Structure formats: C-alpha cells, structure tokens
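Heads up, the thing below is written out as structure tokens.
2 protein chains.
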Amino acid sequence: MTASDIATRQRVLEAAGEVFAARGYAKATVREICKLAGANLAAVNYHFHDKNALYEAVLDQGYKLALEKYPPDGGLSASATPEQRLHAFVRSFFLRLFAEGAPACHGRLMARELAEPTGVLDKKVEQHVRPLFKLLSEILRDIAGPDLPEAALKRCGRSVVAQILFYRHAQPVLQRLEPELKLTAQGIEPLAQHVTEFSVAALRTIARRK
Amino acid sequence: MTASDIATRQRVLEAAGEVFAARGYAKATVREICKLAGANLAAVNYHFHDKNALYEAVLDQGYKLALEKYPPDGGLSASATPEQRLHAFVRSFFLRLFAEGAPACHGRLMARELAEPTGVLDKKVEQHVRPLFKLLSEILRDIAGPDLPEAALKRCGRSVVAQILFYRHAQPVLQRLEPELKLTAQGIEPLAQHVTEFSVAALRTIARRK
DNA sequence: GCTAGTATGAAACAGCCGTTTGAAACACGC
DNA sequence: GCGTGTTTCAAACGGCTGTTTCATACTAGC
Numbered sequence: 000m001t002a003s004d005i006a007t008r009q010r011v012l013e014a015a016g017e018v019f020a021a022r023g024y025a026k027a028t029v030r031e032i033c034k035l036a037g038a039n040l041a042a043v044n045y046h047f048h049d050k051n052a053l054y055e056a057v058l059d060q061g062y063k064l065a066l067e068k069y070p071p072d073g074g075l076s077a078s079a080t081p082e083q084r085l086h087a088f089v090r091s092f093f094l095r096l097f098a099e100g101a102p103a104c105h106g107r108l109m110a111r112e113l114a115e116p117t118g119v120l121d122k123k124v125e126q127h128v129r130p131l132f133k134l135l136s137e138i139l140r141d142i143a144g145p146d147l148p149e150a151a152l153k154r155c156g157r158s159v160v161a162q163i164l165f166y167r168h169a170q171p172v173l174q175r176l177e178p179e180l181k182l183t184a185q186g187i188e189p190l191a192q193h194v195t196e197f198s199v200a201a202l203r204t205i206a207r208r209k
Numbered sequence: 000m001t002a003s004d005i006a007t008r009q010r011v012l013e014a015a016g017e018v019f020a021a022r023g024y025a026k027a028t029v030r031e032i033c034k035l036a037g038a039n040l041a042a043v044n045y046h047f048h049d050k051n052a053l054y055e056a057v058l059d060q061g062y063k064l065a066l067e068k069y070p071p072d073g074g075l076s077a078s079a080t081p082e083q084r085l086h087a088f089v090r091s092f093f094l095r096l097f098a099e100g101a102p103a104c105h106g107r108l109m110a111r112e113l114a115e116p117t118g119v120l121d122k123k124v125e126q127h128v129r130p131l132f133k134l135l136s137e138i139l140r141d142i143a144g145p146d147l148p149e150a151a152l153k154r155c156g157r158s159v160v161a162q163i164l165f166y167r168h169a170q171p172v173l174q175r176l177e178p179e180l181k182l183t184a185q186g187i188e189p190l191a192q193h194v195t196e197f198s199v200a201a202l203r204t205i206a207r208r209k
C-alpha cells in the first residue's frame, strides 16, 4: 500500500518536528522520534539518509507551511498604513513562533537555529531570515521617513525583532518570573500590540531628532 | 603543595567556564574541560562531585565576579537622572554579556541558562534575574511617572531586556547578516546608546498617552 | 625516615547515541 | 502462484559520554 508508505514517512516527519522543536537538534534522539511516530528505529535512516537530512526535511516543510499559514505581510490590502503593516509583521512573527499544531513548529526551530546553528544555518536560515529583515526595513523606512540614516534604521529593525524573539528565547525563565503571562494565540495579541506601539513611538521620536 | 592543589581546582573552574560558555552544558564534555585545564580526566569528579556540581560552582563564582566587575547600577552617583541610570543599566548588562576574559563568561552562561534551563535554573537564575528586573522596573517607573499601569511598565521592561539579550542570543545569524557589526567592548557602546534612546523615547510616548 | 592523608594518573565501566545489518513481511506485475 | 522490489523489524555495532576504580606520587606531621 503506497498510502501506508507515505504515512510512516509523514508520521516520522511530524514527530521529528515536535521533538526537534522541544529538545533542539543535539538533544533530540532518533529513538524518541521513532517511538513518537510509532515507527521502527531504522525508519529514519531508511526514509531519510540520516538524522541531519531528516532535520533539513523538517525545516523545509515547516518553512513552506508556516509562510502559507502566517504570511509576513499578514494579507493586508495595498492601502494599509505603515503602522498597520508593522503590526501585521509583528503579529504574524509572533504567531509563527508560538502557534500550536503540526505546521507551526518551524518558528520554534528557526529560533533555536538562530541561537545555536547546526550547520544547516548557512543553507536555510539566511535564506529565510534575510527576506524578513528586508521587509521589516521597508516598513520601518515608511514610518521613519527618508532622513533617518540607514545604520540607525538597522538598529531599530533589530530592536523590533529582538522584542518578539525575546518571548521565545527567554520563555523558560519568563514563565517563572511572570506565571500569569499566557503565550497562546490569544495571549500574544496584547504583546504584538505593545511591541508595535513601543517601536512606532521610539522610531518616530528618533526620526524627528535625527 | 597546597598552592598546586588550589591551582588545579582553579584551573578546572576557569576552563569549565570557557567551555560551558562556548558549547553549553550538554555539549560541553568533561574531557575537553580537563584537557584545556591541563588536568587529569578524574579531576572534575575529585575536586567537584560531578559535572553538574562543577557547573554550579562556575555559575556561583561567575555571578560574584561579574557583579563586582560590572555592577548593574554602573557605580553612578545618587544624583544621576533616570535616563543616566537606565543607560548605566543597559551598558553594564551588555558588558556582562560580551566582556572577554575569565570573570566574564557568567553573562554568556546565564543567557544560555535563560533559554535552555539545566535544572540549576530554579536555584540560580531566578535569584540572579529577579533583582535585575526589579531594579530596571524602578528606573523605568522614574522615567514613565506614576500614571503608567504596572502591566504596561512590565511590558516595557521586557522590551528593554529583549533588545540587549538579542545581541547575545542571535549573535550567530547576526554576524552573518551584518558582518560589520563588532560586538566588542567598544562596539557595544553605540548599541547601548541606541537601546537606551529607543526605550526612553518609547516609554515617554506611551506614558504620555496612557 | 616513616606513616597518614591527599592529589594525580591510566584504564576501564556502564549507558546512551546514530547508524548498520540481514532476515522477515509485505505489495504488486506476470 | 511466484518472483521481485520495497518496507519493516529486532538486534547488534562502534563511538562518545560521565563516572568509577585502584594503583601511584606526593605532601605534611611526628
């Protein structure tokens, strides 16, 4: 049965996404992935070449699905204001990082890869991250106007991304310091609102001064 | 010779700091630490109980030395403005995260621990991190005034910390995206300046609106 | 100078890891 | 029904890990 063949491969792929996202590449074990997928230990080396190729496959599929489900432009109309576009960018970034379910582990994986490259970094992350930074820079330029120097604009772009990634990277200690913080699909809405507001306010003031 | 006894223990401690900071707890191996320290493999289990106790010892010593060398208040006079105190906070935070040399690996270790707790988190990080957040909140309150709700102030505090930690967590990909960025003792000065300026501008605007 | 207590050393241990193996089970074209 | 090619399975392999062992070297007190 061909359907069953695809099924095991797909089951391993999905299980790998969860385990890699939860444990990181190094700590994730092939044995745990296969057990979660209900497959034999040799399934990884049979359907993919090895653990690393499986990881790349997970990243590839995750990238495709995440951008389909949460496009960085948020699906806004062309007449949207720069502030609305920034809010959509921030919000979709949050969603990719925290959304539950199968297609969403990509954000968590990329956040991990960002901090601890596994060698796939040069192939994948740069190709996924640079376009995001470029899009953000264009939005911020529309808000700040043409007079703000490029270097200052870049620093502001990093400040925006930093505020979003923080909630992913620092989540373990954040949950301990402020247990009332809920990082669910609803819980991130006020956070996306805050990051947008905070950043627009800062950018406007800085652009006015320079 | 007692001096030599302490010397090996100290050498292992320092080597462990470097290796843990560079590789993380899981990837760091006792063999590499001992080799770097010029000590026997059994030195770790003899002078400390095991790898985990060595890690705790490194964290303890690092915390002590880092706070001595880079105090969070920056050694400011009592008459300093809130903006100056925020700048000192941000700058000393950057320095603890990026300073080179033996005592400085603590910042890198805590940044790692923040993202991937090893179990020492509950003992150490909370006890080290919570006071920092409290100090930051007091500074931000002085800037924002008494009318800004506590929840909004907390979100702003997270935004400040996020902008600093970003340069540590995202360093690998940041170096690829913007190779001209130098994260040395001199290079972080304009970054500390930017984070302070960005945050003060945002906080003032938000406080005025609320 | 000899003993007691401590520090170092080489070697081995048990456990987990990714990967490989070769046989068994399966589906499918003829 | 039979042979072929593909997928699954249990078992084992080699390598690396933290830790332990026990013999040796050393220092200090009498």
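In order, the protein sequence lines correspond to chains A and B.
The first sequence begins at 0 in numbering that gives the first Met the number 0 and counts up one residue at a time.
The second sequence begins at 0 in numbering that gives the first Met the number 0 and counts up one residue at a time.
For each residue, glycine too, the CB sits at the ideal point set by N, CA and C.
Just so you know, these numbers come straight off a predicted model, no measurement behind them.
Asked: Residues in the same chain with beta-carbon distance under 7 Å from residue 182(A), minus the five sequence neighbours each way, listed in chain order, please.; Found: 97, 166 and 170
Asked: Unbroken alpha helix (DSSP H) runs of length 4 or more, entirely within the segment 85–166 of chain B: which are they?; Found: 104–114 and 120–143
Asked: Shorter than 7 Å from the beta carbon of residue 134(B) to some beta carbon of chain A?; Found: no
Asked: So is residue 113(B) in contact with chain A if we call contact Cβ pairs under 7 Å?; Found: yes
Asked: Taking 7 Å as the threshold (beta carbon to beta carbon), is residue 187(A) in contact with chain B?; Found: no
Asked: Taking only the alpha-carbon atoms, compute the straight-line gap between residue 45(B) and residue 29(B) and give it to the nearest angstrom.; Found: 12 Å
Asked: Nearest to residue 40(B) by alpha carbon, out of 14(B), 153(B) and 20(B)?; Found: 14(B)
Asked: Per the contact definition of three or more C-beta pairs closer than 8 Å, is the segment 77–88 of chain B in contact with the segment 54–62 of chain B?; Found: no
Asked: Let me know if residue 129(A) comes out buried or exposed under the rule of 16 or more other beta-carbons within 10 Å of its beta-carbon.; Found: exposed
Asked: Name the residue from 89(B), 60(B), 61(B) and 62(B) whose alpha carbon lies nearest to the alpha carbon of residue 74(B).; Found: 89(B)
Asked: Step through the CB atoms of chain A and report whether any lies within less than 7 Å of the CB of residue 22(B).; Found: no
Asked: Buried or exposed: which applies to residue 158(A), given that a residue is buried once 16 or more other Cβ atoms fall within 10 Å of its Cβ?; Found: buried
Asked: Using a 10 Å radius around the Cβ and a threshold of 16 neighbouring Cβ atoms, would you call residue 143(A) buried or exposed?; Found: buried
Asked: What alpha helix (DSSP H) runs, 4 residues minimum, are completely inside the segment 34–67 of chain A?; Found: 42–46
Asked: Is it buried or exposed, residue 76(B), if we count other Cβ atoms within 10 angstroms and call 16 or more buried?; Found: exposed
Asked: For residue 83(B), does the three-state DSSP call read helix, strand or coil?; Found: helix
Asked: Can you check which of these residues, 178(A), 24(A), 136(A) and 150(A), is closest to residue 49(A) by C-alpha distance?; Found: 24(A)
Asked: Determine the direct distance from the alpha carbon of residue 160(B) to that of residue 65(B), and round the result to whole angstroms.; Found: 18 Å
Asked: Between which residues of its own chain and residue 108(A) is the CB-CB distance below 8 Å, once the five residues before and five after are set aside?; Found: 16, 19, 20, 57, 58 and 61
Asked: When you compare only the Cα positions, how much space is there between residue 106(A) and residue 202(B)?; Found: 29 Å
Asked: Give the range of the alpha helix (DSSP H) segment to which residue 192(B) is assigned.; Found: 187–208
Asked: Can you tell me the Cα-Cα spacing of residue 134(B) and residue 27(B), whole angstroms?; Found: 33 Å
Asked: Give a yes or no on whether the minimum CB-CB distance between residue 90(B) and chain A is below 7 Å.; Found: no
Asked: Starting from the beta carbon of residue 125(A), find every residue of chain B whose beta carbon is closer than 8 Å, and list them in chain order.; Found: 172, 175 and 176
Asked: Suppose the cutoff is 8 Å on Cβ atoms and the five residues either side in sequence are ignored; what does the same chain contact list for residue 136(A) look like?; Found: 152, 153 and 156
Asked: Around the C-beta of residue 150(A), are 16 or more other C-beta atoms found within 10 angstroms, so that it is buried, or is it exposed?; Found: exposed
Asked: Going by the CB atoms, is the gap between residue 163(B) and residue 84(B) shorter than 7 Å?; Found: no
Asked: Under 8 Å Cβ-Cβ, which residues of chain B neighbour residue 129(A)?; Found: 176
Asked: Measuring straight from C-alpha to C-alpha, what distance separates residue 185(B) and residue 8(A)?; Found: 51 Å
Asked: Can you tell me whether residue 180(A) is helix, strand or coil according to DSSP?; Found: coil
Asked: Quick check on residue 196(B): buried or exposed, where buried means 16 or more other Cβ atoms within 10 Å of its Cβ?; Found: buried
Asked: Look at the Cβ atom of residue 172(A), then the Cβ atom of residue 124(B), and state whether they are nearer than 7 Å.; Found: yes
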